[in-house]
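Chemist: Supplied in structure tokens, the structure appears directly below.
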Amino acid sequence: MTQAPARGAGAAAAPPRSTAAAAPLRIAILGTRGIPARYGGFETFAERLAVGLVQRGHAVTVYAEADGAPGPDTWHQGVRVRARRRPAWGPASVLAYDSACLWDARRGFDLVYMLGYGAAWACWGPRAFGTPVWINVDGLEWARSKWGRGARTYLRAMESVASRAATRLIADAEAIAQRYRTLYPRGAPCDFIAYGADPVLPGQADAALLAPWSLTPGRYHVVVARPEPENHLLEIIEGHRLHTASGGGDWPLVIVGDVTGGTPYQQQLLTKASDRVRFTGGVYEPARLNALRVHAASYLHGHSVGGTNPSLLEALACGNWVIAHDNPYNREVARDAADYFAKPAELAERLNTRVAQSPEAVAQRADRARQIIAEHYTWPAIVDAYEALMQAECAHRRRPS
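Every letter in the sequence shown is one number past the one before it in UniProt numbering, and letter 154, counting from 1, is 154.
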């Protein structure tokens, strides 16, 4: 496969950086569990974007889930956090929560930014009151195996609805943006603005934090992923088995993720547990995650249905030797700083290659990985790109505070 074309940091088509003279905006960010981030990529993104915009003088509200009656608004680093109840309705609870947030945000904001398109139909609420709505389309949500046929049909329909309900779509990978432009040429414009990561140097990651798992720095391979089939954990385990069976090495495979046995797929994963395949469970402390990544011999990335995956960016930011599933999204991000595999046998070959590398070659790859982050995926540049596009969108819609 050919490499994805190079591109600059931030949005491919974003206007220039807004000036200090531009009026501050009132922005609502919806579709997360809330901030500070304690769950996943959307929460981390919402926090970094919201705090960055506040530091530039804008007023930002992030909506957050409440299990019961929501309390008064709170504040986090200058960002207003506004809670709304998420009912216990199973899968429908997320839709009910998102819809309630959209209705609450229908007035009082210059721009509403919804993360995810599951409740795309409800985005007409703010638009009916004259408020522009952006939708972050993330990856191919409808393709995730966790959804049944009915949910997949619904999400596929919402993908189409999003192209008409939003005033603008945002994709965090150019490949996803191009897909929307091709499938929905008459829909809302779709812009590419990337996700971000913070570089982590070896001296910033304490190897002593590996002690609970009895790991030796530089002598294990690591995966950080949710236990879902589209993340190819079973294939990674099989590739590692073939690697060790061929005499390539005996360094263990460490899988970081909340594998509890709660699904048939997770149960199948747990049958593979051994001294050579170790499950750590969920690890959410940044210092421990950084230590697990920085001191790994390689980072194995099996994600296949998303856009720009935060875990892959964080691995590059840690200078990991990345071996990634071969798809356009991963190639767009990691470029020439990764090896790629499609089948377990190919992964075994890539692992064999990795363990044979000299320290100099490993250091060169680490430098290249961090260079990609510095050139394309820094949070300040991404916040700049968002601010510029938001100012351009709202320039002719401004209302008095």
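C-beta atoms are modelled at their ideal positions from N, C-alpha and C, and glycine is treated no differently.
(1) Taking the C-alpha atoms as reference points, what is the distance between L49 and A37?
(2) Please classify Y284 as buried or exposed, where buried requires at least 16 neighbouring CB atoms within 10 angstroms.
(3) So what's E65 in DSSP terms, helix, strand or just coil?
(4) Going along the chain, which residues of its own chain have a beta-carbon closer than 6 Å to the beta-carbon of A100, five neighbours each way excluded?
(5) Give the DSSP bridge partners of T74, in chain order.
(6) Does the region 286–303 touch the region 210–229, meaning 3 or more C-beta pairs lie closer than 8 Å?
(7) Spatial neighbours of L131 within its chain, please: C-beta separation below 8 Å, excluding the five flanking residues on both sides.
(8) Pick out the complete beta strand (DSSP E) segments inside the region 220–288, 3 residues or longer, and give them in chain order.
(9) Could you check where the alpha helix (DSSP H) with H376 kicks off and where it finishes?
(10) Report the option in S246, I176, Y97 whose CA atom is closest to the CA atom of V355.
(11) Please say whether R278 and W251 have beta carbons closer to each other than 8 Å?
(12) Counting C-beta neighbours from all protein chains within 10 Å, is the total for I382 16 or more, i.e. buried, or is it exposed?
(13) Please check the pair G302 and H325, which I expect to be a contact at CB under 8 Å, by giving their CB distance rounded to whole angstroms.
(14) Could you spell out the range, first to last residue, of the beta strand (DSSP E) harbouring V322?
(15) Which first and last residues belong to the alpha helix (DSSP H) in which residue 412 is found?
(16) Pick from K343, R26, A388: whose alpha carbon is nearest that of G239?
(17) Helix, strand or coil for M1, going by three-state DSSP, please let me know.
(18) For R33, does the three-state DSSP call read helix, strand or coil?
(19) Ignoring anything shorter than 3 residues or poking outside the region 99–168, list the beta strand (DSSP E) runs there in chain order.
(20) Can the beta-carbon of V94 be found closer than 8 Å to that of G118?
(21) When the Cα of Q391 is compared with those of H58, T32, L209, which residue comes out closest?
(22) Please state whether the Cβ-Cβ distance between M114 and G31 is less than 8 Å.
(23) From A28, I35, I29, T44, pick the residue whose C-alpha is nearest to that of P310; which is it?
(24) Out of curiosity, what's the CA-to-CA distance linking Q209 and G125?
(25) In or out: P16 buried (at least 16 other Cβ within 10 Å) or exposed?
(26) With DSSP run on the structure shown, which of helix, strand or coil describes A27?
(27) Under 8 Å, do G203 and T378 count as touching if we go by C-beta distance?
(28) Let me check understanding here. Comparing Cα to Cα, which of I255, T216, Q266, L53 lies closest to Y299?
(29) Can you tell me whether E360 is buried or exposed? The criterion is at least 16 other CB atoms within 10 Å of its CB, across all chains shown.
(30) Please name the residue, chosen from G257, T61, P264, R33, that lies closest to G281 on a Cα-to-Cα basis.
(31) Alpha carbon to alpha carbon, what distance is there between G262 and Y63?
(32) Taking 8 Å as the threshold (C-beta atoms), are H243 and A348 in contact?
(33) If you follow the alpha helix (DSSP H) that D339 is in, where does it begin and where does it stop?
(34) By how many angstroms is the C-alpha of S358 removed from the C-alpha of S163?
(35) Which one or two residues does DSSP pair with A171 in a beta bridge?
(36) Taking only the alpha-carbon atoms, compute the straight-line gap between A334 and D198 and give it to the nearest angstrom.
Modeler: So, from the listed chains and residues:
(1) 12 Å
(2) exposed
(3) strand
(4) R84
(5) V81
(6) yes
(7) In the sequence under discussion, the amino acid at residue 131 is Thr, which differs from the Leu named in the question. Correct list, in chain order: A105, R106, R107, F109, D110, L111, V112.
(8) Complete beta strand (DSSP E) runs here, min 3: 221–224, 253–256, 277–281.
(9) 359–376
(10) S246
(11) The answer is no: Cβ separation not under 8 Å.
(12) buried
(13) 5 Å
(14) 322–325
(15) Outside the displayed range of the chain (1 to 401) lies residue 412, so it cannot be described from this structure.
(16) If you compare the alpha carbons of K343, R26, A388 with that of G239, the shortest gap goes to K343.
(17) Because the pLDDT at M1 is just 34, under 50, the model does not fix this residue reliably, and the point stays unresolved.
(18) If DSSP states are grouped into helix, strand and coil, R33 belongs with coil.
(19) 111–115, 133–136
(20) yes
(21) H58
(22) yes
(23) Checking every option, the nearest Cα to that of P310 belongs to T44.
(24) What sits at residue 209 in the sequence shown is Leu, not Gln. Spanning the two alpha carbons is a distance of roughly 48 Å.
(25) Its pLDDT being 40, under 50, P16 is placed unreliably in this model, and the coordinates cannot settle the point.
(26) Checking the sequence, you will find Ile at residue 27 rather than Ala. In the structure shown, I27 sits in a strand (DSSP, three-state: E or B).
(27) no
(28) I255
(29) exposed
(30) Minimum Cα distance to G281 is reached at G257.
(31) 29 Å
(32) Yes, they are a contact pair.
(33) Here D339 belongs to no alpha helix (DSSP H); instead the beta strand (DSSP E) covers 338–341.
(34) Answer to the nearest angstrom: the Cα atoms are 49 Å apart.
(35) DSSP output for A171 lists F192 as bridge partner(s).
(36) 15 Å
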